[in-house]
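Each remark here refers to the structure printed beneath this line.
In mature numbering (1 follows the signal peptide of the UniProt record, and there is no 0), the protein residues as written are -21 to -1, 1 to 349.
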């Protein structure tokens, strides 16, 4: 049986006046756009964010995510003949050329190589069609339910689409992968090959926006100019998506700047903060402290003071032995009724099982105190 303890954290923020970054306060040239917090997924701004639209090469964010999740970075890929000479952006792969997965990923994300996308898809899925099925399956797992992939690169297909919100969710998942974050913020990569080895990043947002650190541009005639951008300031990383936008870089910068101006970082709890204590059965210690497994920062407006709450879910008691770092409970952070974060509560120490000798000593100690 579990007990649930509700703690309301009163938030004292030192911000003076802010304006919510709503659809009314920002005018964009994009057909659809959104800004979310990459840690919590909280929506900070949206405009037509659930409209299904083509997304061009921002498709490759999902291609990269699947490659990172399902392959080793030093794995050597033999380029299939289908990848050579594919239309659009290219890193000029040759049939039967061998290249490490990490270099293909840099070519995919920095140079937007459609040939790199095709090579990855066939290597991991056996065919472009099978890999597209994997992309759609992963999208559904991430909550991107209004997305349908028909290929790994984003060349136009009438049934290839996403929404600004779905694309932000996919990017959020990708940015949880350290190697993805490293790739998309790189301005240059030198691949392990004899020719065409220099991959410079096409994403100008990295230089235009303070803290810019990702992620992908895309363009086709049907999709228009599409951009997924990210920036990090004050321990918060925001993701901006703008689709079919002739002013893509300026729009993303304006959206992200506005959101950083309007929201402040509130530390809900630090990593290692003691949040609960649970009795221990048959242990050398009578109780165990539970600590937060990660630091949680929530972007808040000043009029949201006092609206954060945390619900801790822990057992009434736990049996020894207990290993330091063992997951024992969870803490759920809400803004009003919206769930923003789930953090594991872990044991702050090791606790061994009482031996027979320990029990005897404890018995005699209790007896002598009577």
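Each residue gets a CB set at the ideal place from its N, CA and C atoms; glycine is no exception.
Review point. Quick one: what's got a C-beta closer than 8 Å to residue 12's C-beta in the same chain, skipping five residues either side?
Key: 24, 25, 26, 27, 28, 143, 219, 220, 221, 222, 224, 230 and 234
Check your understanding: Where does the unbroken alpha helix (DSSP H) through residue 238 begin, and where does it stop?
Key -> 227 to 241
Point to revise | Per DSSP, cross-strand counterpart(s) of residue 311 | key: 290 and 321
**Study point:** For residue 212, the residue or residues it bridges with in DSSP
**Key:** 215
Check your understanding: Is it true that the region 110 to 122 meets the region 184 to 203, where meeting means three or more beta-carbon pairs spaced less than 8 Å apart?
Key -> no
**Study point:** For residue 158, the nearest candidate out of 51, 105, 74 and 182 (CA to CA)
**Key:** 51
Exercise for review: Decide yes or no for the touch test of the region 67 to 85 against the region 157 to 177: beta carbon pairs closer than 8 Å, at least 3 of them.
Suggested key: These segments touch.
Check your understanding: When we look at the beta-carbon of residue 126 and count the other beta-carbons within 10 Å, is it buried (16 or more) or exposed?
Key -> The residue is buried, with at least 16 neighbouring Cβ atoms inside 10 Å.
Check your understanding: Relative to the ligand ATP, is the shortest distance from any of its heavy atoms to the C-beta of residue 218 smaller than 8 Å?
Key -> Among the components modelled here there is no ligand, and therefore nothing to report on the ligand ATP.
Point to revise | Limits of the beta strand (DSSP E) - the one that residue 165 falls within | key: Per DSSP, residue 165 belongs to no beta strand (DSSP E) and is neither H nor E.
Practice item. Give the DSSP-derived three-state secondary structure of residue 244 in the structure shown. Key: strand
Check your understanding: Just how far apart, CA to CA, sit residue 244 and residue 232?
Key -> Whole-angstrom Cα-Cα distance: 19 Å.
Exercise for review: Put residue 331 into one of helix, strand or coil per three-state DSSP.
Suggested key: coil
Practice item. Check whether the region 247 to 255 touches the region 270 to 278, counting contact only when three or more Cβ pairs, one atom from each stretch, lie closer than 8 Å. Key: yes
Review point. Identify the residues that DSSP records as bridge partners of residue 32: which are they?
Key: 141
Check your understanding: Excluding the five sequence neighbours on either side, which residues of its own chain have a C-beta within less than 6 Å of the C-beta of residue 331, listed in chain order?
Key -> 263 and 300
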